[in-house]
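K.L.:
Below is the structure I would like to discuss, written out as structure tokens.
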Amino acid sequence: MKVGLFIPCYINQLYPKVGIATLELLEKLGVEVYYPSSQTCCGQPLGNSGYEDDSKGACQLFVENFKEYDYIVGPSGSCIYHVKHHFDILEQTPEVIRVRNNAYELCEFIVKVLGKTDIGASFPYKVGLHKSCHGLRGLKLGSCSERMDAHYSTEEDLLNNVKGLELMSLNRKDECCGFGGTFSVFEEAISVKMGKDRIQDHLDNGVEVITGADHSCLMHLEGLLNRNKQPIRVMHIAEILNNSL
Amino acid sequence: MSHSEKATIFNKNEAKVNWHDKALWYVREKRDNAAHKIKGWEELRNVASGIKANVLSNLDNYLMEFEANAQKNGIKVHWASSAEEHNKIIYKILAEKGAKNIVKSKSMLTEECHLNPFLESKGLEVVDTDLGEYIVQIAQEPPSHIVLPAIHKTKEEVDELFQEHLGTKPSGGDPQYLTNEARKHLRNKFLQADAAITGVNFAVADTGGFVVCTNEGNADMGAHLAPVHIACMGIEKIIPKEAHLGIFLRLLARSATGQPITTYSSHFNTPAPGAEMHIVIVDNGRTEQLSREDFRSSLSCIRCGACMNTCPIYRRSGGHSYDATIPGPIGSILSPGKDLTKHSSLPFASTLCGSCSNVCPVKINIHEQLYKWRQLIVKDVKQPFVKKVILKTTGWLMARPKLFNLLGGSARFMLKHAPRFMVYSKLNAWGKERELPEVGKQNFNEWYKNRKKNE
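If you read the sequences in order, they're chains A and B.
Read left to right, the first sequence gives residues 141 to 385 (our numbering).
Read left to right, the second sequence gives residues 449 to 903 (our numbering).
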């Protein structure tokens, strides 16, 4: 099984440690991982801003970079969702279809493709899970509070098997944090308010570390936590799963 | 003013934002509990969505079937292609009857058509009889929510309004007292009414009747007391069969307020002896929306307001920030179809979280339509120059890995070494209330290359 590692642009530049944890984690799980170094971005920031047409070059490059792999795995639900859902702007060649079908968010890949939920990690902290919207409602990584389906959660399945980790329950299980890509600057006031409210929920429930499968949401929450000097850390779920004491 | 500008103003009072958010979240939770109590809720949504799709594909036939059956029942049917025509038709009916005092129950269509100011300009008195509608009417404001029109007002604010307009005593916002005073006042209006105007929740093609849902019974009070009843409906309000009410009424009340059934689901089929019943069927841009393949399903909306209650942006920006008859997520996909330039900021007033599509009882893919409107808006509406250049250039760079990486590196260098006052300037909206990420020496790409070298 050859896996192409997709590291979203902002993780590459701003959070290399998340990329490193993802790579190490996959390797620990016995996966043969390749990192195509000429990757840039999935095009999502443009698409969500209305400039989908200008992102075609980026989308095409994505396909070129990843067409030869059995699976494409990335530590970001929203980027993977963009590939799966919005690459319909490209001509649907067999390569494009293959890439779209084989793109997986990291947790989903571990649970669904590798069939593992206990990966021997340990992390003795009180953790709050931020269920990022595109992963949750887009990729259906878990059941959504609005829908009357049976409960399931890919990330919870993984976190519940981490030794010492206490998963804290939140008052609002899956409300958006307000990042939303360029929304975070063009609707700054609401974005900030949504983020503050999310953080308060975690504070109210004794959370020490906020985690999630989308670091863009965590970047937004971290920006608020650091500015307001609040006693919570953020960590990508790959960092927690890659942690063993 | 754009949505974000209005939302920024609304957010100056954080306590009020918290209150507004909690009030609507409470309704969302009531909806969740009510939906959980029905087995097969998701299947019910599927069926409703399918029926509405069928209606939109056969709208002409169903409308004609409805008209024929309504006429058989003795109802007079009128057709209006625009808001102006709608208003003129209603005025003509009222003028012929010499009606001066009009009571109106909730109808978003008459809001859309600006019927009240039109009739008032002709010297008629129109009183909104839904309590929430009445509050916003005396406050001279549009409704901020389609089901809870005065949800932006606290009870203390209502107290002050009533003191001014109804001469009530200061009560510190006692809901019981204020409601009783409104009832007393409205009761006289009902008794004096020459005509009653209502909206329509569902128009049933196979019977020619229609159903109006209210929690206060005000539609019934108006329609039964006045000699003339005029019901106004958009062309999309049709359902094929009376049996389908069993699906839609169950979904509507639970989605809207979490009630198992609306307090009054009033079926109007035929005028009372000696009375008149009219229906005005209005297009006003709906057929144009129907012709837009990507957006036609927005016409399936049954106006429950669930998308507003669940929307984290709506809850924190208030309905008036949308500056449209229908606010919130559903309004943000309907309004651009009416006036793309005026409403061009609305599809961007969303994080595309998708919660709206999940609560929608007729499964409108609202967040996907928001995304689609964005693509059209940047092409058809003039965009801020800088924003446009930045995004277009980014797109160009993203297809060029070497340049893209080089630029990423320089940006990181800037973030690391530029003085704080430069990074956190007025131009940096991110940094107003948030720190930027701390950047390191290496990006992942460089780390990976080093690792390869050392293997």
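Glycine included, every Cβ here is placed at the ideal spot set by N, Cα and C.
Note that this is a predicted model, so its numbers are computed, not measured.
Which same chain residues, not among the five before or five after I695 of chain B, have their C-beta less than 8 Å away from its C-beta?
P.N.:
By 1-based counting over the second sequence, the position of residue 695 of chain B is 247. Counting only Cβ-Cβ distances below 8 Å, and skipping sequence neighbours, we find L492, V495, A496 and I499.
K.L.:
For the candidate residues A:T233, A:H355, A:V203 and A:F323, whose alpha-carbon lies nearest to that of L246 of chain A?
P.N.:
Indexing the first sequence from 1 puts residue 246 of chain A at position 106. Ranked by how close their Cα comes to the Cα of L246 of chain A, the residues A:T233, A:H355, A:V203 and A:F323 have A:H355 in first place.
K.L.:
Taking DSSP as the reference, what is the three-state secondary structure of L145 of chain A?
P.N.:
The residue given as residue 145 of chain A occupies position 5 in the first sequence. Three-state result, L145 of chain A: strand.
K.L.:
Give me the chain B residues within the contact set of K333 of chain A, using Cβ-Cβ distance strictly less than 7 Å, ordered along the chain.
P.N.:
What you label residue 333 of chain A is simply residue 193 of the first sequence in a count that begins at 1. Chain B residues near K333 of chain A: N459, V465 and R764.
K.L.:
What three-state label does DSSP hand Y209 of chain A in the structure shown?
P.N.:
Within the first sequence, residue 209 of chain A is the residue found at index 69, counting from 1. Y209 of chain A: coil per DSSP, three-state reduction.
K.L.:
Please return the same chain residues whose Cβ sits closer than 7 Å to the Cβ of C804 of chain B, not counting the five positions on each side in sequence.
P.N.:
For the purposes of this step, residue 804 of chain B is taken as residue 356 along the second sequence, with counting starting at 1. Around C804 of chain B: C755, T758, C759, P777, I814 and H815.
K.L.:
With DSSP as the reference, please indicate the residues paired to N549 of chain B in a beta bridge.
P.N.:
Translated into positions along the second sequence, residue 549 of chain B becomes position 101. In DSSP, N549 of chain B forms a bridge with B:E573.
K.L.:
Under 8 Å, with one C-beta from each stretch per pair, do the segment 727 to 747 of chain B and the segment 796 to 803 of chain B reach the 3-pair mark?
P.N.:
Contact annotation: the segment 727 to 747 of chain B does not touch the segment 796 to 803 of chain B, with fewer than three C-beta pairs closer than 8 Å.
K.L.:
How would you label L365 of chain A, buried or exposed, when you count the other beta carbons within 10 angstroms and need 16 or more for buried?
P.N.:
The count along the first sequence starts at 1 and reaches residue 365 of chain A at position 225. Looking at its Cβ environment, which holds 16 or more other Cβ atoms inside 10 Å, L365 of chain A is buried.
K.L.:
In this structure, how does DSSP classify I678 of chain B when only helix, strand and coil are distinguished?
P.N.:
Within the second sequence, residue 678 of chain B is the residue found at index 230, counting from 1. Of the three classes helix, strand and coil, the one that applies to I678 of chain B here is strand, per DSSP.
K.L.:
Report yes or no: do three or more beta-carbon pairs, one from the segment 332 to 344 of chain A and one from the segment 246 to 262 of chain A, lie closer than 8 Å?
P.N.:
no
K.L.:
I212 of chain A CB to nearest chain B CB: under 8 Å?
P.N.:
Residue mapping note: residue 212 of chain A aligns to position 72 of the first sequence, counting from 1. I212 of chain A has a beta carbon lying at 8 Å or more from every beta carbon in chain B.
K.L.:
Suppose contacts are defined by Cβ-Cβ distances below 8 Å. Is Q184 of chain A in contact with N205 of chain A by that definition?
P.N.:
Position 44 of the first sequence, counted from the start, is the residue given in the question as residue 184 of chain A. Position 65 of the first sequence, counted from the start, is the residue given in the question as residue 205 of chain A. No, these two residues do not count as a Cβ contact at 8 Å.
K.L.:
How close, in whole Å, do the beta carbons of S437 of chain A and G217 of chain A come, if the pair is a contact with beta carbons under 8 Å?
P.N.:
No statement about residue 437 of chain A is possible, as the shown extent of chain A runs from 141 to 385 and does not include it.
K.L.:
If you run the structure through DSSP and keep just helix, strand and coil, what is K303 of chain A?
P.N.:
Position 163 of the first sequence holds residue 303 of chain A. Reduced to three states, the DSSP call for K303 of chain A is strand.
K.L.:
For chain B, check one thing: does any of its Cβ atoms lie closer than 8 Å to the Cβ of I237 of chain A?
P.N.:
Here residue 237 of chain A refers to the residue found at position 97 of the first sequence. No, because no Cβ of chain B sits closer than 8 Å to the Cβ of I237 of chain A.
K.L.:
Check this for me: beta carbons of V251 of chain A and I212 of chain A, under 8 Å apart or not?
P.N.:
By 1-based counting over the first sequence, the position of residue 251 of chain A is 111. By 1-based counting over the first sequence, the position of residue 212 of chain A is 72. It is not a contact, given that the beta carbons lie outside the stated cut-off.
K.L.:
How big is the Cα-Cα spacing for F566 of chain B and C752 of chain B?
P.N.:
For this step, residue 566 of chain B is matched to residue 118 along the second sequence. For this step, residue 752 of chain B is matched to residue 304 along the second sequence. Across the structure, F566 of chain B and C752 of chain B are spaced so that their CA atoms are roughly 27 Å apart.
K.L.:
E245 of chain A lies in the alpha helix (DSSP H); which residues open and close that run?
P.N.:
The count along the first sequence starts at 1 and reaches residue 245 of chain A at position 105. Here E245 of chain A belongs to no alpha helix (DSSP H); instead the beta strand (DSSP E) covers A243 to E245.
K.L.:
Suppose you measure from the CA of E477 of chain B to the CA of N461 of chain B; what does that come to, to the nearest Å?
P.N.:
Within the second sequence, residue 477 of chain B is the residue found at index 29, counting from 1. Within the second sequence, residue 461 of chain B is the residue found at index 13, counting from 1. Their Cα atoms are separated by approximately 24 Å.
K.L.:
Kindly indicate which three-state DSSP category G352 of chain A falls into: helix, strand or coil?
P.N.:
Here the question's residue 352 of chain A lines up with position 212 in the first sequence. Reduced to three states, the DSSP call for G352 of chain A is strand.
K.L.:
I'd like the ranges of any beta strand (DSSP E) spanning at least 3 consecutive residues and lying wholly in the segment 644 to 702 of chain B.
P.N.:
650 to 652, 658 to 662 and 676 to 682
K.L.:
Leaving out five residues before and five after Y155 of chain A in sequence, what residues of the same chain have Cβ atoms less than 6 Å from its Cβ?
P.N.:
Here residue 155 of chain A corresponds to residue number 15 of the first sequence, with the count starting at 1. Here the set comprises H355.
K.L.:
Can you pull the chain A residues whose beta carbon is under 7 Å from the beta carbon of N875 of chain B, in chain order?
P.N.:
For the purposes of this step, residue 875 of chain B is identified with residue 427 of the second sequence, where counting begins at 1. The residue asked about is misnamed: residue 875 of chain B is Leu in this sequence, not Asn. Simply none; closest approach about 10 Å.
K.L.:
Which of the three DSSP states, helix, strand or coil, is assigned to G268 of chain A?
P.N.:
Working through the first sequence from its first residue, we reach residue 268 of chain A at position 128. Strand, per DSSP.
K.L.:
Please state the DSSP three-state secondary structure of K830 of chain B.
P.N.:
Counting from 1 along the second sequence, the entry for residue 830 of chain B is found at position 382. Residue state, collapsed to three classes: coil.
K.L.:
Residues of chain B with a CB under 8 Å from the CB of Y292 of chain A: which are they?
P.N.:
Counting from one through the first sequence, the residue named residue 292 of chain A turns up at place 152. Those do not exist, as Y292 of chain A stays about 15 Å from chain B at its closest Cβ, beyond 8 Å.
K.L.:
Is A528 of chain B helix, strand or coil by DSSP?
P.N.:
Translated into positions along the second sequence, residue 528 of chain B becomes position 80. Three-state result, A528 of chain B: strand.
K.L.:
Are there 16 or more other CB atoms within 10 angstroms of the CB of H291 of chain A, so buried, or fewer, so exposed?
P.N.:
Walking along the first sequence from the start, residue 291 of chain A turns up at place 151. Its Cβ having fewer than 16 others within 10 Å, H291 of chain A is exposed.
K.L.:
With three or more beta-carbon pairs closer than 8 Å as the criterion, would you say the segment 517 to 526 of chain B touches the segment 700 to 719 of chain B?
P.N.:
yes
K.L.:
Exposed or buried, K864 of chain B, counting other C-beta atoms within 10 Å across all chains shown (16 or more means buried)?
P.N.:
In the second sequence, the residue the question calls residue 864 of chain B occupies position 416. It counts as exposed.
K.L.:
F430 of chain B: which of B:K811, B:L609 and B:H600 sits nearest, CA to CA?
P.N.:
Residue 430 of chain B lies beyond the residue range present for chain B, which begins at 449 and ends at 903; the question has no answer from this structure.
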